[in-house]
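Worksheet for the structure shown next.
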Amino acid sequence: MDVPIAAATLGIAGAVCWSVQLIPQIIINYRKHDTTGLQPVMMLLWATAGIPLGAYNIVQDFHIALKIQPQILTALSLTTWLQCQYYGSRWSWFKCLVLVTPLALVLAGVELGFVFALYAAKGRHLQWPMTLMAVLSASLLSAGVLRHYWDIYKERTVRGISFIFVAIDALGDLTSLVSIFFQPDLDVLGMVIYGSELVLWLGILGCGGYFNLRPWLGQKIAAVRVRHGPEVHSTRVIDEDNDDSPESTRQSLSSRSSSTVFQTASSARADHAGGSTPSLRLRTVPSLQDT
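With numbering that gives the first Met the number 0, letter number 115 in the sequence shown gets 114, and the count goes up by one each step, no holes.
Here it is as structure tokens:
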């Protein structure tokens with residue numbers, strides 16, 4: 000399906016998502032000065048995955064947004080990996096820079112070599128090098144996410160990872176995946192690269208809903224019940240004390256009338272002399288048969 004406008008729009012959206020996906024995570028790490036639960040191995044795998052993915056997208060002549068996308072992924076992944084070493088392993092900034100600078104240069108050189116090699120293979124009509132790049136990038140991306148699944152299995156919670164980052168990354172995978180449908184030629188390998196990671200991110204979101212969101216909602220509901228429980232009980236007691244229903248009114252009038260009509264004069268004088276509220280005594284009224 001050749002729709003250049005749709006391919007460009009979705010490709011740019013995917014590039015934007017991948018450009019900002021790790022920024023919320025980087026900000027959270029900086030504010031907390033802690034990266035507990037965030038897997039540095041994942042960040043290193045992602046930085047490495049951007050190399051074959053970038054070479055693949057360049058040689059396949061995807062939209063410019065998809066060509067830039069892997070480069071941004073590698074840069075942000077290396078930055079996050081640096082934070083893991085600085086905050087988690089307590090490395091100094093000097094040690095981090097000494098290690099990451101040559102690493103970034105090596106990765107850039109490897110990607111450049113891949114691009115030239117893939118162009119040469121494409122000129123000879125060899126398909127397996129392209130397939131190798133696609134499989135390698137998909138495997139590295141998936142392996143990075145799968146590392147979090149192991150942490151979730153051990154800890155029974157999703158920790159150390161921003162759900163905003165996960166949602167943005169999944170959206171970037173989705174838009175990039177759909178943009179491939181609007182390329183002149185449908186690239187199945189490209190679909191596998193973005194589709195495999197999208198499925199894994201959706202699984203992370205599902206685990207977050209089960210292990211994190213569900214207990215949180217349960218605590219909120221329990222807190223509301225505890226806070227409003229005594230108020231509901233006191234309201235019921237007040238309602239019972241102030242019961243002005245017709246039935247209760249009739250019973251009150253009935254008992255009052257029966258106690259006043261059949262009061263004798265002697266009992267009234269006795270009660271008045273005692274200083275207490277006049278008590279009630281029933282007097283037997285003779286029937287017509289007795290008379």
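Beta carbons: idealized from backbone N, C-alpha and C, even for Gly.
Selection from the options that minimises the alpha carbon distance to residue i
| i | options | result |
| --- | --- | --- |
| Glu154 | Gly207, Leu77, Trp92 and Ala166 | Gly207 |
| Ala107 | Gln70, Ser88 and Gly122 | Gln70 |
| Leu145 | Leu44, Val2 and Ile167 | Leu44 |
| Gln20 | Ile203, Tyr55, Trp90 and Asp172 | Asp172 |
| Val187 | Val134, Ile203, Pro214 and Gly112 | Val134 |
| Ala74 | Val58, Trp92 and Gly49 | Gly49 |
| Cys95 | Val105, Ala103, Leu81 and Tyr148 | Leu81 |
| Ile57 | Lys31, Gln84, Leu111 and Ser178 | Leu111 |
| Arg30 | Leu72, Tyr86, Lys66 and Gln68 | Tyr86 |
| Thr47 | Met129, Leu140, Leu117 and Tyr55 | Leu140 |
Cβ shell of residue i (< 6 Å), same chain only, five flanking positions each side left out
| i | result |
| --- | --- |
| Ala64 | Gly10, Ile11 and Ala14 |
| Ala120 | Pro128 |
Spatial neighbours of residue i in its chain, beta-carbon cut-off 7 Å, leaving aside the 5 residues before and after
| i | result |
| --- | --- |
| Ile4 | none |
| Pro51 | Phe113, Met132, Leu135 and Ser136 |
| Ile237 | Caution applies to Ile237, whose pLDDT of 49 falls short of 50 and renders its modelled position unreliable; the value that the coordinates give is listed next. Hits under 7 Å: none found. |
| Ala103 | Leu77 |
| Tyr55 | Met129, Met132, Ala133 and Ser136 |
Local conformation of residue i per DSSP, three classes
| i | result |
| --- | --- |
| Pro51 | helix |
| Gln226 | First, the residue type needs correcting, since residue 226 is Arg and not Gln in the sequence shown. It is helical. |
| Thr35 | coil |
| Gln59 | coil |
| Leu21 | coil |
| Trp291 | Given that the chain is displayed from residue 0 to residue 290, the structure contains no residue 291 and the question cannot be resolved. |
| Thr259 | Note that Thr259 scores 39 on pLDDT, short of 50, meaning its location in the model is unreliable and no value can be drawn from it. |
| Arg213 | helix |
| Arg30 | helix |
| Leu15 | Here residue 15 turns out to be Val, not Leu, going by the sequence shown. If DSSP states are grouped into helix, strand and coil, Val15 belongs with the helices. |
C-beta contact flag for residue i and residue j at 7 Å
| i | j | result |
| --- | --- | --- |
| Val165 | Phe210 | no |
| Gln182 | Ala6 | yes |
| Ser161 | Pro23 | yes |
| Ala169 | Leu197 | yes |
| Trp17 | Gln68 | yes |
| Ile25 | Thr79 | yes |
Other residues of its chain near residue i: CB distance less than 8 Å, five sequence neighbours each side excluded
| i | result |
| --- | --- |
| Ser204 | According to the sequence provided, residue 204 is Leu. The question's Ser does not apply to it. If we look at Leu204 and ignore the five residues flanking it on each side, its Cβ neighbours are Phe162, Val165, Ala166 and Ala169. |
| Asp150 | Gly36, Gln38, Arg158 and Gly159 |
- prompt: Going along the chain, which unbroken runs of the alpha helix (DSSP H) with 4 or more residues stay wholly within the stretch 126-202?
  reply: 127-154 and 162-180
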